[in-house]
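A short worksheet on the structure shown next.
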Amino acid sequence: MSPLNVEIKNKVAIVTMDYPPVNALTADSNNEIIKTFDSFQTKKDVNVVILTAVGSRAFCAGVDLNSRLPAGNSQNDPSAHYRRARETFNAIYECAVPVIGAINGPALGAGLAIAASCDFLVASDNANFGLPEIDVGLLGGAGHLQRIFPQPVTRMMNFTATRLSAEDSKQYGAVIEVTSLDNLLNVAMSYAEIIAKKMSVGLRMAKSTLNQIEWMDLKNAYKFEQTQTEILQSSDEAIEAKKAFLNNSNKK
0 MSPLNVEIKN KVAIVTMDYP PVNALTADSN NEIIKTFDSF QTKKDVNVVI LTAVGSRAFC
60 AGVDLNSRLP AGNSQNDPSA HYRRARETFN AIYECAVPVI GAINGPALGA GLAIAASCDF
120 LVASDNANFG LPEIDVGLLG GAGHLQRIFP QPVTRMMNFT ATRLSAEDSK QYGAVIEVTS
180 LDNLLNVAMS YAEIIAKKMS VGLRMAKSTL NQIEWMDLKN AYKFEQTQTE ILQSSDEAIE
240 AKKAFLNNSN KK
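Going by numbering that gives the first Met the number 0, the sequence shown wraps up at 251, each residue one higher than the last.
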């Protein structure tokens, strides 16, 4: 099996990271993730992605520090590393279809950023979330962290390197559902199967629109949604869906 395994069935793609021992990220793994998530732009047989990892030790323990040489070393280009990290998170966030994160263990540092780049999360009860960067002389991840946690919690986690459990994270809305590790993929699949049955063009436009309006004010966000609705409702899929809905309504 490839270190990044992709299985597609019934319009659901399951992407599984397998980078032993704790799914830490390297340049190669980042490139794999970017390539895989970019590919969903043209895969018409995929309506939704589940992103998870092998085992229970970690969903992703962050960047493999052994793969990073000290800044200034001629063998290492920090700017290239930072750019690749951004592109990795962006590939998930900007994926053409919804991405469900199935968090099977600790999501730390860059691993937390990967999780926060998903559209929503379900987690096993052994999962936790944290930014240990301050303890190893680094910064980063707060921008992603504040997508799923309130600002005061984001700051506390940054300053203290405190990890929050899956249950605590659920209380803040960062996690939709917590379950056992054995049941995690079943829970993720229960959401994926619902999404997979929706019209493809609608899902892709909804995903793009939600990303666009995330940081807009209410007035401009709703205006943008209206323009996208006009485009969507003229598509063949939307026209057929409306006809089917009206036919079913008339039969009742």
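No residue lacks a Cβ here, since even glycine has one placed at the ideal position from N, Cα and C.
Excluding its 5 nearest sequence neighbours in each direction, Pro97 has C-beta neighbours in its own chain below 6 angstroms: Val47, Asp118, Ile194 and Lys206, listed in chain order. Contact between the region 132 to 142 and the region 183 to 190 is absent: fewer than three C-beta pairs spanning the two stretches fall below 8 angstroms. The alpha-carbon of Thr35 is positioned some 30 angstroms away from that of Glu166.
Leu184 sits close to Ile49, with the two beta carbons spaced by under 9 angstroms. Scanning its chain for C-beta atoms nearer than 8 angstroms, with the 5 sequence neighbours on each side dropped, one finds around Phe158 the residues Ile133, in chain order. Taking a C-beta distance under 9 angstroms as the contact criterion, Ala52 and Gly104 qualify as a contact pair. One alpha carbon belongs to Leu111, the other to Leu130, and they sit about 7 angstroms apart. Comparing alpha-carbon positions, the option among Gly54, Thr25, Ala106 and Pro149 lying closest to Ala79 turns out to be Thr25.
Ranked by how close their Cα comes to the Cα of Phe88, the residues Arg162, Lys222 and Gly142 have Gly142 in first place. For Phe128, the CB contacts under 6 angstroms within the same chain, skipping 5 residues up- and downstream, are Ala106, Leu111, Leu163 and Ser168 in chain order. Glu86 and Tyr221 have their C-alpha atoms spaced approximately 28 angstroms apart. Scanning Asn30, Met198 and Arg203 for the CA closest to the CA of Phe244 turns up Met198.
Under the DSSP assignment, Lys206 falls in the alpha helix (DSSP H) whose first and last residues are Ser199 to Ile212.
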